[in-house]
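Working notes, structure below.
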Amino acid sequence: MGRYLLCGKEAEVPFEVEELDIRLYTIEELCYYIYHNLPLIGDDFISERLLHFIRNELEMPETADKIERFYSSPSDQDSTLFMLLSEVGYYTEYEMQEFQNRLVFRRRKNGPERVRYKADSMMEKKRYLGAVRYYKTLVTGERDGRISPQFTAEVLESIANCYGKLCQFEQALEYLEKAYDQSGSERLLKKIYDVTVLSGQELPEKYFGTCSDARLAEWQQSYWNREAVCKSSLEENPAMQMFLHTPEVMNEELKQYVEEQKELYRGMLE
Amino acid sequence: MEKGLIIGYDLCKDYCRISWFEEGRDEPQDLVFSDEENPYLVQNSICKKKGKDEWLIGQIAYETALLGGGAIVDKLLRMVAMKGFATFEGVRYSAEDLLYHFLDESLKLLFKAKNTTEISQIMFTVQDLDSVVLDTVIRCMKRLGIERKRIHIISHTEAYLFFVLSQKRELWSNISVLYDLSGDGLNYYEMEVLRGIKPNVAYAKRTFLEEGFSLDILNTPAGCRMADSIMTKCVERMLNKKLISSAYLSGNGMDACQKWGSSFLKVLCTRRRVFFIENLFAKGAVYAAGEYLRDTSAYPYKIMCEGRIDVDINFDGYKGMNLKTLNLASVGSNWYETKQSFDIIPDQETTLRFRVRKLGERSPLTLEIPLTDFDIRKNKMRRIGVNLSFSSENEFNVTLKDKGFGEFCPATDTVIRKTFTIS
Chain C
5 MGRYLLCGKE AEVPFEVEEL DIRLYTIEEL CYYIYHNLPL IGDDFISERL
55 LHFIRNELEM PETADKIERF YSSPSDQDST LFMLLSEVGY YTEYEMQEFQ
105 NRLVFRRRKN GPERVRYKAD SMMEKKRYLG AVRYYKTLVT GERDGRISPQ
155 FTAEVLESIA NCYGKLCQFE QALEYLEKAY DQSGSERLLK KIYDVTVLSG
205 QELPEKYFGT CSDARLAEWQ QSYWNREAVC KSSLEENPAM QMFLHTPEVM
255 NEELKQYVEE QKELYRGMLE
Chain E
222 MEKGLIIGYD LCKDYCRISW FEEGRDEPQD LVFSDEENPY LVQNSICKKK
272 GKDEWLIGQI AYETALLGGG AIVDKLLRMV AMKGFATFEG VRYSAEDLLY
322 HFLDESLKLL FKAKNTTEIS QIMFTVQDLD SVVLDTVIRC MKRLGIERKR
372 IHIISHTEAY LFFVLSQKRE LWSNISVLYD LSGDGLNYYE MEVLRGIKPN
422 VAYAKRTFLE EGFSLDILNT PAGCRMADSI MTKCVERMLN KKLISSAYLS
472 GNGMDACQKW GSSFLKVLCT RRRVFFIENL FAKGAVYAAG EYLRDTSAYP
522 YKIMCEGRID VDINFDGYKG MNLKTLNLAS VGSNWYETKQ SFDIIPDQET
572 TLRFRVRKLG ERSPLTLEIP LTDFDIRKNK MRRIGVNLSF SSENEFNVTL
622 KDKGFGEFCP ATDTVIRKTF TIS
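As they're listed, the protein sequences go chains C and E. One point on numbering: in the working numbering, the residue at position 140 of the first sequence is 144, and numbering is uninterrupted. One point on numbering: in the working numbering, the residue at position 329 of the second sequence is 550, and numbering is uninterrupted.
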């Protein structure tokens, strides 16, 4: 059975979330952000700034006081977030149970795993450079004893994936090679092959000198197959339909499309 | 008590009257406009002086126009209702502009008499609650620099009810009646307190009487006799077998009723207490305005009359984990001032439901608005702005506006509007 949620006040000055470059105007949006972006929520999320937003902008001093009472150190963060979401009632009991499970899942992760969890989440949201920043903290500087070579290789591959999404193939290749050096996985070698061909470079002797011709031919065929699939899917892309319209309509739609893509790209770089 | 005047402003179709409450006096005082035959009223006419930015109202406006000193517009309220215009010296003035100047000039007379310009509360009273007129009056008063919270409007019926309730209890222990005779016709008002309902209901109603006659007939002896006969029959027919505690007479037609209505007054005054009250509606408006200055009402009754709602409208929603009922309108509240705005988020809901319960009825009626005009979106990703307002005591309008869900889901321009008639 359905229900209606009675909303609170809309803030005049929003709460800015730097990780996603978005602004939150209501307590319901804040709950939504917490629920769907748990990996992005760092230890400093419950702050004076957040309390000021809840107390003064949303005019919910009782909730702000309750958070203050609940929260004394970052170890109280999970219970405080749970309390906040329960208090607002935006989520049903069933959804809150699921949120509780995700809090437990997050709590079980050690330091480096939590950073990777956050970076993965940013990558999922297409914030590629932001994700790279977090990934790099795991593979540069002093080596953390809790990080295995396998973990490092996966992180390096993720960095390469981010650069690949940004079409920065040189950096992508650099990190793929580093990942391959760590793990020696054939899957990574094939990926190096794909990126090298895609960027129109020569295959590095260091990695492909010992590869048999049959294997290289197989990889080439696989590359062509995927290229063909991409081309056909491009034709089916709704964006391509714009070119079927009259020039006036097409111009308008193209303008809008370019603006959207620009905004998306700006987000990727943040 | 707050500083400033408490004003009752009777805005009729053809004339207006002003009363105000003065500290230390038991009853509201009436503003004397002139030393004419009826000094307590001023015609709703306005004249712009030729070549000057000066405005004149009432009798002096007519005189100035007759002498060629300016152009005149009369029956101002009718013009406002029709959203009319008038052109003076090549400049077009809207009815609202003219009403603004009229209100300004009429209040200046009061301010001059009282040596103050401060208004604590001003209550307008009009015969028909036409939303065009009401909105215009409010806008004009705001233009005059009066805060919205100090401006109120009620019907003549309600002003009469407040007037009677402010008299000695013995005058309204049973039914109280009023005959108001003016250029607009003859109106009969009846008021009583219904004690069988908790809380007690103070109920008043107005009836327009077809027997009404033009005031011009009072200029001839034959016309006076006819008017007397009409009124006598009217009283005999309407008050027969009714337990009347008090009867009132008002309106410029009743000014000289002792001259033309001897039979009618004889019938009316038999075993009844009868009063002729100048500015009855304006005085009632003053009493009603005083209510806004009290923490607890001086009238512990539900008010039921023209201009008051006779339904409760509720909406159920969740605040946190608790079910909460929002009371959007309650029995006895003024329809014009009943406006509600709130935001909701539907959770697995496709229809908005209001519970409407009429006074005296046990089970509420459910009124629904389907949300199908909104685009399909993920659950709980739409904040809807709900606005509820009345266009009369029997009709309310609901507007639903898609406000989106912050930057996660932008708002659309979709608005759903629905009008409900309460039968």
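Glycine included, each C-beta is placed from N, C-alpha and C at the ideal position.
Under the three-state reduction of DSSP output, Y197 of chain C falls in the helix class.
Straight-line spacing of the CA atoms in C237 of chain E and S467 of chain E works out to 25 Å.
One thing to note: Y261 of chain C has its Cβ within 8 Å of the Cβ of A243 of chain C. Against chain C, the beta carbon of Q569 of chain E has neighbours under 8 Å at M5, G6, R7, listed in chain order. From the listed residues E:L324, E:K270, E:T338, the smallest Cα separation to F309 of chain E is found for E:K270.
Contacts between G93 of chain C and chain E, judged by CB atoms closer than 9 Å, involve Y539, K540, G541, M542, N543 in chain order. Annotation: L324 of chain E to E32 of chain C spans about 47 Å, alpha carbon to alpha carbon. Here M87 of chain C carries a helix assignment [DSSP, helix/strand/coil].
A contact between stretches requires three or more CB pairs, one per stretch, nearer than 8 Å, and the segment 261-268 of chain E meets this requirement with the segment 293-300 of chain E. Against chain E, the beta carbon of R27 of chain C has neighbours under 8 Å at G627, E628, listed in chain order. Just so you know, the alpha carbons of M362 of chain E and Y321 of chain E end up roughly 7 Å apart.
For T30 of chain C, the chain E residues whose C-beta falls within less than 8 Å of its own C-beta are R604, G627, listed in chain order.
For a Cβ distance threshold of 7 Å, residue set C11 of chain C lies close to D564 of chain E, ordered along the chain. Nearest in C-alpha terms to S584 of chain E, of all of E:V619, E:I534, E:N618, E:G625, is E:I534. Taking 4 residues as the minimum length, the alpha helix (DSSP H) runs contained wholly in the segment 94-154 of chain C are 97-111, 115-128, 132-143, in order along the chain. Chain E places no beta carbon closer than 8 Å to that of E72 of chain C, leaving this residue out of the contacts. Among the residues facing chain E, E33 of chain C is included, as its CB has a counterpart in that chain under 8 Å away. K601 of chain E reaches chain C at L9, E32, Y36, Y94, Y95, counting residues in chain order whose Cβ is nearer than 9 Å. For A68 of chain C and L55 of chain C, the gap between their C-alpha atoms comes out near 6 Å. Membership of D231 of chain E in the beta strand (DSSP E) is indicated by the continuous run 226-232. W276 of chain E has E:K269 as its beta-bridge partners, per DSSP. The Cβ neighbour count for H377 of chain E, taken over all protein chains shown within 10 Å, is at least 16; the residue is labelled buried. Checking the DSSP bridge columns, you'll see C630 of chain E partnered with E:F626. In this structure, I375 of chain E sits near G528 of chain E, with a CB-CB distance shorter than 8 Å. Counting the other Cβ atoms within 10 Å of the Cβ of N408 of chain E gives 16 or more, which makes it buried.
By the CB criterion at 8 Å, L470 of chain E and T337 of chain E fall outside the cutoff.
The alpha-carbon separation between F497 of chain E and M475 of chain E amounts to approximately 8 Å. Separation of the CB atoms of R603 of chain E and G627 of chain E is rounded to 11 Å, and the pair is thereby denied contact status at 8 Å. Assigned with DSSP and collapsed to three states, S240 of chain E falls in strand. Inclusion of G505 of chain E and T620 of chain E in the CB contact set at 8 Å is not warranted, their separation being larger than that value. Nearest in C-alpha terms to D274 of chain E, of all of E:K389, E:D235, E:R446, E:E326, is E:E326.
Here V422 of chain E is buried: its Cβ has 16 or more other Cβ atoms, across all protein chains shown, within 10 Å. Between the beta-carbon of Y138 of chain C and that of A157 of chain C there is about 17 Å, and that puts the pair past the 8 Å contact cut.
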